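Undergrad: Residue numbers (my numbering), protein chains in the order written: chain C, 5 to 249; chain P, 192 to 505.
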């Protein structure tokens, strides 16, 4: 610590250099077209025959998923009720706080109906909190409501606290065009695959699975929705189309 | 995994991420963290027990502090960063993110909070300011910052300094939502006005807002702040929370409103549910029943200007 200037302290040019070299500087969009209403950036109206993909909208980064799905050619809808759920061909469980989303699923009577639709073959994509909710087991003593469906044991906040959150480029099996640009934010990881025959591991970090697929269920420990790299959403929309949704 | 300002490669794993490319402390993970809080409620807590109540109610994060704003107001004196032992106790008690407050301009309190591993630092007007001219230069930190704002210019100045999340200030510790309403309407109204301007007018608008012109242009083009906007200050009921969401907030901070009320467990849960279903009055009505006494609150007309917190910050 002796040589490096402490953050926020006067003197030196490091802070300015950082601001100027960061991936976002004031006035420059971090990720083009990320915000605003979904579809505002999509010039071509979605095909009316395109699958209707719901994003669970109880809490979390719903908008980012709606936009990414639109860009992959899907029709989208927010899901907050049983009626919403019944109408969709597929579902995304977004990033957010998994304990909050799980409790709200439970309190508003959606936990079992979501699981019932999964058991009937509903394609579901979960990111970060969504991966936690899709896991059959968690690596923690405290119980929390889960949807389940992927035979893995997952550990929350496995990479540390927010100061340990990181951006990286990650090769994913089945994704062409080079590594995927992703953000791990207080991210979970899979500690153990409970059914190696059923669960495909599509990517790892430090030897732990961070992208898994079981049948029509896809889960990532990171957030493809905040980076603008739409290839995982395209993979999921392809899974939905293949399922006949 | 390497620090983004370091240059060393570390371990990598087969068929996996090139760890040398991993970067911590980027603006993307700072802002992304706030994105994950959207639609949620962040609750002030002063003990590990309160933190567990908040987590059980469905809070997306807790704000660890020694006194809620209503008590800071009552006690007077200088309000500072909380005791590290107290913050550690709350960090250990819950699995959801923990935020903590540093005084405006007190960059060493922020350094200490970063070293404690808090997930977000609130550079807060609720504490007594440590610098009457300068806010913290937030770019140099790996921990992200949320800052208060009463209007768009103030919000954009904070973003220029590296804040990754904005909350409208309201008037903390009053249980009175009128200032939160004023600040939300001010911020969203100014954004709408910018969006209607031509490019020539934006330079004059930046001067009037006392905000960086490039940020003003960005807001005008996109029609919203480039970061998450929460509301704070005076939210005491489920209807207050739902009103803030309908006014355009991405989520709410509740300070004194929960643990200064008659039934904190029930009220915390009700505010969470009303925030999720903010546009469904039937749900807001349902969760508003049987909550017991709300905090008494303060009529702002009777609060002397020198006791108002929203004017702190520059």
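Even for Gly, the Cβ is constructed at its ideal location relative to N, Cα and C. What you are looking at is a predicted structure, and each value in this text was computed from that prediction instead of being measured.
#1: Please classify residue 470 (chain P) as buried or exposed, where buried requires at least 16 other C-beta atoms within 10 Å of its C-beta.
#2: Please list the partners that residue 165 (chain C) has in chain P, where partner means a Cβ-to-Cβ separation under 7 Å.
#3: Give the single residue among C:206, C:241, C:65 whose Cα lies nearest to the Cα of residue 134 (chain C).
#4: In the structure shown, what three-state DSSP assignment does residue 212 (chain P) receive?
#5: Heavy atom of the ligand GTP less than 8 Å from the Cβ of residue 177 (chain C), yes or no?
#6: Report the neighbours of residue 214 (chain P) on chain C: residues whose CB is nearer than 7 Å to its CB, in chain order.
#7: Using beta-carbon positions only, say whether residue 292 (chain P) and residue 272 (chain P) come within less than 9 Å of one another.
#8: Closer than 7 Å by beta-carbon distance: list the chain C residues that pair up with residue 345 (chain P), in chain order.
#9: Is residue 369 (chain P) helix, strand or coil when you go by DSSP?
#10: Of the choices P:336, P:300, P:232, P:308, whose alpha-carbon is the least far from that of residue 320 (chain P)?
#11: Here's a check: name, in chain order, each residue in its chain whose Cβ is nearer than 6 Å to the Cβ of residue 215 (chain C), leaving out the five neighbours to either side.
#12: In chain order, what are the residue ranges of uninterrupted beta strand (DSSP E) at least 3 long that sit wholly in the region 395-440 of chain P?
#13: Take the Cβ of residue 253 (chain C) as the centre, count every other Cβ of all protein chains shown within 10 Å, and call the residue buried at 16 or more, exposed below.
#14: Using 9 Å as the limit for Cβ to Cβ distance, is residue 65 (chain C) near chain P?
#15: Using the beta-carbon count (16 or more within 10 Å), is residue 174 (chain C) buried or exposed?
#16: The beta strand (DSSP E) with residue 56 (chain C) in it runs from where to where?
#17: Who are the neighbours of residue 101 (chain C) on chain P, taking C-beta pairs under 9 Å?
#18: What is the DSSP secondary structure of residue 444 (chain P), reduced to helix, strand or coil?
#19: Helix, strand or coil for residue 227 (chain C)? Go by DSSP, reduced to three states.
#20: Going by DSSP, what residue range makes up the beta strand (DSSP E) through residue 315 (chain P)?
#21: Taking a contact to mean a Cβ-Cβ separation below 9 Å, would you say residue 350 (chain P) touches residue 419 (chain P) in this structure?
#22: For the region 450-457 of chain P and the region 480-487 of chain P, state whether three or more C-beta atom pairs, one from each stretch, are separated by less than 8 Å.
#23: List, in chain order, every chain A residue whose beta-carbon is nearer than 7 Å to that of residue 321 (chain P).
#24: Cα-Cα, which of C:226, C:247, C:246 is closest to residue 69 (chain C)?
#25: So the candidates are C:150, C:59, C:73; which of them puts its Cα closest to the Cα of residue 104 (chain C)?
#26: Can you give the beta carbon distance from residue 118 (chain C) to residue 89 (chain C), rounded, assuming they're within the 8 Å contact cut?
#27: Along chain P, in chain order, which residues have C-beta atoms closer than 8 Å to that of residue 178 (chain C)?
#28: Which of the three DSSP states, helix, strand or coil, is assigned to residue 382 (chain P)?
#29: Could you tell me which uninterrupted beta strand (DSSP E) segments, each at least 3 residues in length, are contained entirely in the region 224-250 of chain P, listed from first to last along the chain?
#30: Have a look at the DSSP bridge pairing and note the partners of residue 293 (chain P).
#31: Please report the distance separating the alpha-carbon of residue 269 (chain P) from that of residue 318 (chain P).
#32: Indicate the three-state DSSP secondary structure (helix, strand or coil) for residue 272 (chain P) in the structure shown.
TA: From the atom records:
#1: For this step, residue 470 (chain P) is matched to residue 279 along the second chain. So residue 470 (chain P) counts as exposed.
#2: In the first chain, counting from the first residue as 1, residue 165 (chain C) sits at position 161. Here the neighbours are 308, 310.
#3: Within the first chain, numbered from 1, the residue matching residue 134 (chain C) stands at position 130. Among C:206, C:241, C:65, the Cα nearest to that of residue 134 (chain C) is on C:65.
#4: On the second chain, residue 212 (chain P) is found 21 positions in, with the first residue counted as 1. It is helical.
#5: This structure lacks the ligand GTP; in fact it carries no ligand of any kind.
#6: Start at 1 with the first residue of the second chain, and residue 214 (chain P) comes out as number 23. Within 7 Å Cβ-Cβ: 170, 171.
#7: The sequence position of residue 292 (chain P) within the second chain is 101, counting from 1. The sequence position of residue 272 (chain P) within the second chain is 81, counting from 1. Result yes, Cβ atoms of residue 292 (chain P) and residue 272 (chain P) sit closer than 9 Å.
#8: Indexing the second chain from 1 puts residue 345 (chain P) at position 154. Those do not exist, as residue 345 (chain P) stays about 15 Å from chain C at its closest Cβ, beyond 7 Å.
#9: The residue you call residue 369 (chain P) lines up with position 178 of the second chain. Secondary structure of residue 369 (chain P) (DSSP, three-state): helix.
#10: Counting from 1 along the second chain, the entry for residue 320 (chain P) is found at position 129. Shortest Cα-Cα distance from residue 320 (chain P) to any of P:336, P:300, P:232, P:308 involves P:300.
#11: On the first chain, position 211 is the one that residue 215 (chain C) refers to. Excluding residues within five positions, the ones whose Cβ falls inside 6 Å are 176, 206, 207, 224.
#12: Within the region 395-440 of chain P, the complete beta strand (DSSP E) runs of at least 3 residues are 419-422.
#13: In the structure as shown, chain C starts at 5 and stops at 249, and residue 253 (chain C) therefore has no counterpart that could be examined.
#14: Position 61 of the first chain holds residue 65 (chain C). Yes, residue 65 (chain C) lies at the interface with chain P (some Cβ there is under 9 Å from its Cβ).
#15: What you label residue 174 (chain C) is simply residue 170 of the first chain in a count that begins at 1. Residue 174 (chain C) comes out buried.
#16: For the purposes of this step, residue 56 (chain C) is taken as the residue at position 52 of the first chain. Run containing residue 56 (chain C): 56-60, per the beta strand (DSSP E) assignment.
#17: As a first step, residue 101 (chain C) must be located in the first chain, where it is residue number 97. Residues of chain P passing the Cβ test: 227, 228, 231, 249, 250, 251, 252, 287, 288.
#18: Counting from one through the second chain, the residue named residue 444 (chain P) turns up at place 253. DSSP places residue 444 (chain P) in strand when its eight states are reduced to three.
#19: As a position in the first chain, residue 227 (chain C) is number 223, starting the count at 1. The three-state secondary structure of residue 227 (chain C), taken from DSSP, is strand.
#20: In the second chain, residue 315 (chain P) corresponds to position 124, counting from 1. Element bounds for residue 315 (chain P): 311-315.
#21: As a first step, residue 350 (chain P) is located in the second chain; it is residue number 159 there, counting from the start. As a first step, residue 419 (chain P) is located in the second chain; it is residue number 228 there, counting from the start. Not in contact: residue 350 (chain P) and residue 419 (chain P) (Cβ atoms no closer than 9 Å).
#22: Yes, since at least three Cβ pairs between the region 450-457 of chain P and the region 480-487 of chain P fall closer than 8 Å, the two stretches touch.
#23: The structure shown contains no chain A; its protein chains are C and P.
#24: Locating residue 69 (chain C) in the first chain gives position 65, where the first residue counts as 1. Ranking the options by Cα distance to residue 69 (chain C), first place goes to C:226.
#25: Position 100 of the first chain, counted from the start, is the residue given in the question as residue 104 (chain C). Nearest C-alpha to residue 104 (chain C): C:150.
#26: By one-based count along the first chain, residue 118 (chain C) stands at place 114. By one-based count along the first chain, residue 89 (chain C) stands at place 85. 7 Å between Cβ atoms; contact.
#27: Counted from its first residue, the first chain places residue 178 (chain C) at position 174. Those within 8 Å of residue 178 (chain C) in chain P number zero; the least Cβ separation is about 12 Å.
#28: In the second chain, counting from the first residue as 1, residue 382 (chain P) sits at position 191. Helix.
#29: 232-236
#30: On the second chain, position 102 is the one that residue 293 (chain P) refers to. Residue 293 (chain P) pairs with P:314.
#31: Within the second chain, the letter at position 78 stands for residue 269 (chain P). Within the second chain, the letter at position 127 stands for residue 318 (chain P). Roughly 7 Å separates the two Cα atoms.
#32: Locating residue 272 (chain P) in the second chain gives position 81, where the first residue counts as 1. Residue 272 (chain P): coil per DSSP, three-state reduction.
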